[in-house]
Amino acid sequence: MSDPRIDLLLAMADDELVIGHRHSQWTGVAPHLEEDLAFSSIAQDEVGHAVVWYGLASELTGKDPDALGLGRQPDQYRNAILVERPNRDWGYTVARHYLYDTADDVRLVALADSAWRPVADATGALRREERYHLLHARTWLDRLAHGPVDARRKLGEGLVAAFGEALGLFEPLPAEGDLVADGVLPVPHAELLQRWLDMIAADFDALGLERVLEEGATMADPEFVPTSSGEMEAPATLSGPHVERRDRGWVPVGEFTGRGGRHGQHSEDFAEVWQDMTGTYRAHPGATW
Amino acid sequence: MTSRTVTAPSPEDVRAVLDAVPDPEMPPVSIGELGMVVDVRVDGGRVEVDLVPTFSGCPAIAVIREDVERALRPLAGVDEVEVRFVRDVVWDPERITFAGRRKLAEFGIAPPGSGQTLLGIGGVKCPLCGSRDTVADSPFGPTPCRATNYCRGCRNPFEVIKP
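Going down the list, the protein sequences come from chains A and B. With the first sequence counted from 1, adding 3 to any position gets you the working numbering. With the second sequence counted from 1, adding 47 to any position gets you the working numbering.
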């Protein structure tokens with residue numbers, strides 16, 4: 004049986020690698036030069052963070068970090084579906100950036116208390132660097148939320164589109180119970196989800212964006228996706244809790260069922276980003292960079 | 048192998064060499080001056096160096112590893128060099144030495160202690176003319192550890208070591 008810590012590391016590494024790759028697709032074409040720089044720099048950080056997690060996974064698997072990052076088949080990637088979606092427009096880009104980086108922060112804060120020392124140690128440098136991502140995401144959330152009308156509408160649409168899939172970042176890992184019992188993951192994903200909802204609800208309340216949690220509070224219908232062998236698999240895709248207003252906060256209601264990104268089940272959009280991301284590596288296996 | 052006639056270098060000798068290995072992206076400053084050296088151990092002819100990257104995503108990590116190995120191998124008494132990047136130390140700009148800060152400023156990069164804020168609200172001392180009449184342009188820059196600012200005093204853009 005494989006080490007459940009590998010699932011945790013790959014979930015985080017793949018999230019960072021894929022969102023980093025999506026961010027890098029703004030390089031050269033962002034709305035203005037400062038944002039070109041910002042997304043390129045954030046992309047570089049995220050890919051660097053992926054390398055940190057692949058490095059730890061490499062020690063457990065004996066596989067080269069490059070092979071882990073770029074040499075797997077699509078259904079072996081464990082990123083959440085949220086991060087593989089195309090950038091669409093600026094509203095969606097900002098929405099996803101905000102939802103992802105807040106969720107990543109909640110995860111890193113919890114892992115600082117991991118009983119597995121190498122993970123706890125790594126969170127120190129990562130959180131120091133992620134401060135700039137959070138600052139960037141919150142600045143843009145705030146700016147678009149304050150209009151003009153078009154900007155606020157596009158941000159709202161982006162948040163509604165991204166929110167359901169952002170819940171998939173909290174899909175329990177295959178051996179979640181073991182990871183929690185061993186203290187490697189000090190807080191189960193169900194509790195991480197609640198912490199994240201508390202964090203973003205505070206921002207949304209301040210900006211009058213609560214409607215997003217009402218409209219976007221459920222995960223989208225499952226999609227049929229081909230497996231690596233080319234067969235169409237039954238839609239055992241992820242469906243998750245919805246979010247309800249209770250008292251002064253938001254709570255998830257219901258459980259995750261089916262399989263999502265944490266089990267290697269991806270959307271059609273992953274094929275495109277996977278080919279783009281791994282093309283050079285696959286064309287020149289074993290090349291020295 | 049012939050019997051050793053030269054003695055191995057001391058950790059201080061090794062640190063002196065590291066103080067002269069240039070950072071690939073800011074060559075006037077050495078990796079020692081940037082505070083990247085965490086520990087040096089010498090055991091006979093084997094030298095182990097622990098480094099901390101300034102930023103985890105720094106693309107220069109592989110280059111720095113090679114540069115350090117290349118600098119230490121020719122030392123008399125050194126047979127083997129191992130460079131490790133450690134994760135249990137968090138790099139912070141406060142690790143940059145005073146010599147390093149002076150060289151960064153001469154290179155046109157505002158060193159730590161120039162009035163940086165996380166939000167980048169400006170007022171960072173311009174390394175080119177010394178003015179405080181400066182504004183933040185972006186909290187991001189050409190490398191992960193640098194941000195970009197603009198000086199209204201001398202009308203030049205300049206870079207800043209992120210706080």
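A virtual CB, placed ideally from N, CA and C, is assigned to each residue, including glycine. No experiment lies behind these values; they were computed from the predicted model shown.
Original post:
With a cut-off of 8 Å, do at least 3 Cβ pairs link the segment 10 to 22 of chain A to the segment 51 to 69 of chain A?
Top reply: Contact between the segment 10 to 22 of chain A and the segment 51 to 69 of chain A is present, because at least three Cβ pairs lie under 8 Å.
Subject >> Contact with chain B by residue 13(A), beta-carbon distance below 7 Å >> reply: Here the question's residue 13(A) lines up with position 10 in the first sequence. It does not: the Cβ of residue 13(A) has no partner Cβ on chain B nearer than 7 Å.
Original post:
Using DSSP with H/G/I as helix, E/B as strand and the rest coil, what is residue 3(A)?
Top reply: Given a span of 4 to 292 for chain A in the structure shown, any question on residue 3(A) remains unanswerable.
**OP:** Say whether the segment 110 to 117 of chain B touches the segment 160 to 176 of chain B, bearing in mind that this needs 3 or more beta-carbon pairs closer than 8 Å, one atom from each stretch.
**Re:** No, they do not touch.
Original post:
Is the segment 135 to 145 of chain A touching the segment 96 to 106 of chain B, taking contact as three or more C-beta pairs under 8 Å?
Top reply: Using a Cβ-Cβ distance cut-off of 8 Å, the segment 135 to 145 of chain A and the segment 96 to 106 of chain B are not in contact, since fewer than three pairs of beta carbons, one from each stretch, lie closer than that value.
Original post:
By how many angstroms is the C-alpha of residue 38(A) removed from the C-alpha of residue 167(B)?
Top reply: Locating residue 167(B) in the second sequence gives position 120, where the first residue counts as 1. Locating residue 38(A) in the first sequence gives position 35, where the first residue counts as 1. Taking C-alpha positions only, residue 167(B) is separated from residue 38(A) by approximately 15 Å.
Original post:
So which residues of chain A does residue 137(B) contact, with C-beta pairs closer than 7 Å?
Top reply: In the second sequence, the residue the question calls residue 137(B) occupies position 90. What residue 137(B) touches in chain A, judged by beta-carbon distance under 7 Å, is 127, 128, 131, going in chain order.
Original post:
What does residue 104(B) touch in chain A if you count any residue whose Cβ is under 8 Å from its own?
Top reply: Counting from 1 along the second sequence, the entry for residue 104(B) is found at position 57. Taking a Cβ-Cβ cut-off of 8 Å, the neighbours of residue 104(B) in chain A comprise 47, 48, 49, 50, 51, 52, 54, 132, given in sequence order.
Original post:
What residues match up with residue 205(B) in a beta bridge as DSSP calls it?
Top reply: Position 158 of the second sequence, counted from the first residue, corresponds to residue 205(B). According to the DSSP secondary-structure assignment, residue 205(B) is paired through a beta bridge with 196(B).
**OP:** Can you grab the Cα-Cα spacing for the pair residue 63(B) / residue 193(B), in whole Å?
**Re:** Numbered from 1 along the second sequence, position 16 holds the residue referred to as residue 63(B). Numbered from 1 along the second sequence, position 146 holds the residue referred to as residue 193(B). So the alpha carbons of these two residues sit roughly 26 Å apart.
**OP:** State the start and end residues of the unbroken beta strand (DSSP E) segment that holds residue 255(A).
**Re:** Sequence index remark: in the first sequence, residue 255(A) carries index 252 (1-based). For residue 255(A), the uninterrupted beta strand (DSSP E) segment begins and ends at 252 to 256.
Original post:
Can you name the residues of chain B whose CB is closer than 9 Å to the CB of residue 37(A)?
Top reply: Start at 1 with the first residue of the first sequence, and residue 37(A) comes out as number 34. 184, 185, 187, 195, listed in chain order.
Subject >> Contacting residues, own chain, Cβ-Cβ under 8 Å from residue 124(A) (five flanking each side not counted) >> reply: Reading the first sequence from its first residue, position 121 is the one you call residue 124(A). Cβ neighbours of residue 124(A) beyond the five flanking positions: none.
**OP:** Identify whether residue 132(B) lies in helix, strand or coil by the three-state DSSP scheme.
**Re:** On the second sequence, residue 132(B) is found 85 positions in, with the first residue counted as 1. It is a strand residue.
Subject >> Beta-carbon contacts of residue 164(B) that lie in its chain and below 7 Å, excluding the five residues immediately before and after >> reply: By one-based count along the second sequence, residue 164(B) stands at place 117. Correct list, in chain order: 210.
Original post:
Is the beta carbon of residue 95(B) sitting closer than 7 Å to the one on residue 88(B)?
Top reply: Numbered from 1 along the second sequence, position 48 holds the residue referred to as residue 95(B). Numbered from 1 along the second sequence, position 41 holds the residue referred to as residue 88(B). Cβ distance < 7 Å, so residue 95(B) and residue 88(B) count as in contact.
Original post:
With distances taken from CA atoms, which of 23(A), 183(A), 40(A) is nearest residue 31(A)?
Top reply: In the first sequence, counting from the first residue as 1, residue 31(A) sits at position 28. Residue 31(A) has its Cα closest to that of 40(A), out of 23(A), 183(A), 40(A).
Original post:
Do you know offhand how far residue 188(B)'s Cα is from residue 256(A)'s?
Top reply: Here residue 188(B) refers to the residue found at position 141 of the second sequence. Here residue 256(A) refers to the residue found at position 253 of the first sequence. A straight-line Cα-Cα distance of about 43 Å links residue 188(B) and residue 256(A).
Original post:
What distance in whole Å lies between the Cβ atoms of residue 215(A) and residue 162(A), which are believed to be in contact at a cut-off of 8 Å?
Top reply: Along the first sequence, read from residue 1 onward, the residue named residue 162(A) stands at position 159. Along the first sequence, read from residue 1 onward, the residue named residue 215(A) stands at position 212. With a Cβ gap of about 4 Å, residue 162(A) and residue 215(A) count as contacting.
**OP:** Could you tell me which uninterrupted alpha helix (DSSP H) segments, each at least 4 residues in length, are contained entirely in the segment 140 to 180 of chain A, listed from first to last along the chain?
**Re:** Here the runs fully enclosed are 152 to 169.
Original post:
Shortest alpha-carbon distance to residue 122(A) belongs to which of 99(A), 59(A), 109(A)?
Top reply: Against the first sequence, residue 122(A) aligns to sequence position 119. Of the listed residues, the one whose Cα sits closest to residue 122(A) is 59(A).
**OP:** Could you say which of 192(A), 84(A), 289(A) lies nearest to residue 11(A) if we only look at CA atoms?
**Re:** One-based indexing of the first sequence puts residue 11(A) at position 8. Nearest neighbour of residue 11(A) by Cα position, chosen from 192(A), 84(A), 289(A), turns out to be 192(A).
Original post:
By Cβ distance, which residues of its chain are closer than 7 Å to residue 94(A), with the 5 residues on each side in sequence left out?
Top reply: Translated into the one-based positions of the first sequence, residue 94(A) becomes position 91. Cβ-Cβ distances below 7 Å link residue 94(A) to 147, 157, 158, 160, 161 in the same chain, with the five nearest sequence neighbours on each side left out; the list follows chain order.
**OP:** Check the Cβ of residue 121(A) against every Cβ in chain B and list those closer than 7 Å, keeping chain order.
**Re:** Here residue 121(A) refers to the residue found at position 118 of the first sequence. Ordered by position in chain B, the residues that pass the 7 Å Cβ test against residue 121(A) are 134.
Original post:
From 201(B), 199(B), 190(B), pick the residue whose C-alpha is nearest to that of residue 207(B); which is it?
Top reply: Position 160 of the second sequence, counted from the start, is the residue given in the question as residue 207(B). The residue among 201(B), 199(B), 190(B) with its C-alpha nearest the C-alpha of residue 207(B) is 190(B).
Original post:
Can you give, in chain order, each stretch of the beta strand (DSSP E) that sits fully within the segment 50 to 127 of chain B and has at least 3 residues?
Top reply: Fully enclosed beta strand (DSSP E) runs of no fewer than 3 residues occupy 84 to 90, 93 to 98 of the segment 50 to 127 of chain B, in order along the chain.
Original post:
For residue 29(A), does the count of other Cβ atoms within 10 angstroms reach 16, so buried, or fall short, so exposed?
Top reply: The residue given as residue 29(A) occupies position 26 in the first sequence. Result: buried.
Original post:
Using a beta-carbon distance below 7 Å, is residue 54(B) in contact with chain A?
Top reply: In the second sequence, residue 54(B) corresponds to position 7, counting from 1. Chain A, which has no Cβ nearer than 7 Å to the Cβ of residue 54(B), makes this no.
**OP:** Whole angstroms is fine: what's the gap from residue 86(B)'s alpha carbon to residue 129(B)'s?
**Re:** Along the second sequence, one-based indexing puts residue 86(B) at 39. Along the second sequence, one-based indexing puts residue 129(B) at 82. Straight-line measurement puts the Cα of residue 129(B) at about 12 Å from the Cα of residue 86(B).
Original post:
Does the segment 97 to 104 of chain A come within contact of the segment 60 to 77 of chain A, defined as at least 3 CB pairs closer than 8 Å?
Top reply: Touching, no.
Original post:
Roughly how many angstroms separate the alpha carbons of residue 162(B) and residue 182(B), rounded to a whole number?
Top reply: Numbered from 1 along the second sequence, position 115 holds the residue referred to as residue 162(B). Numbered from 1 along the second sequence, position 135 holds the residue referred to as residue 182(B). Rounded to the nearest angstrom, the two C-alpha atoms are 12 Å apart.
Subject >> Cross-chain neighbours of residue 165(B) in chain A, by beta carbon under 9 Å >> reply: In the second sequence, the residue the question calls residue 165(B) occupies position 118. The contact set of residue 165(B) on chain A, defined by CB atoms closer than 9 Å, consists of 134, 135, 138 in chain order.
Subject >> Alpha carbon of residue 24(A) to alpha carbon of residue 85(A), nearest angstrom >> reply: For this step, residue 24(A) is matched to residue 21 along the first sequence. For this step, residue 85(A) is matched to residue 82 along the first sequence. When rounded, the distance between both Cα atoms is 13 Å.
Original post:
For the segment 186 to 220 of chain A, which segments carrying the beta strand (DSSP E) assignment without a break, of at least 3 residues, lie completely within its bounds, in sequence order?
Top reply: Every candidate beta strand (DSSP E) stretch fails here, since none sits fully inside the segment 186 to 220 of chain A while reaching 3 residues.
**OP:** Give the secondary structure of residue 245(A) by DSSP, where H, G and I count as helix, E and B as strand, and everything else as coil.
**Re:** For the purposes of this step, residue 245(A) is taken as the residue at position 242 of the first sequence. Residue 245(A): strand per DSSP, three-state reduction.
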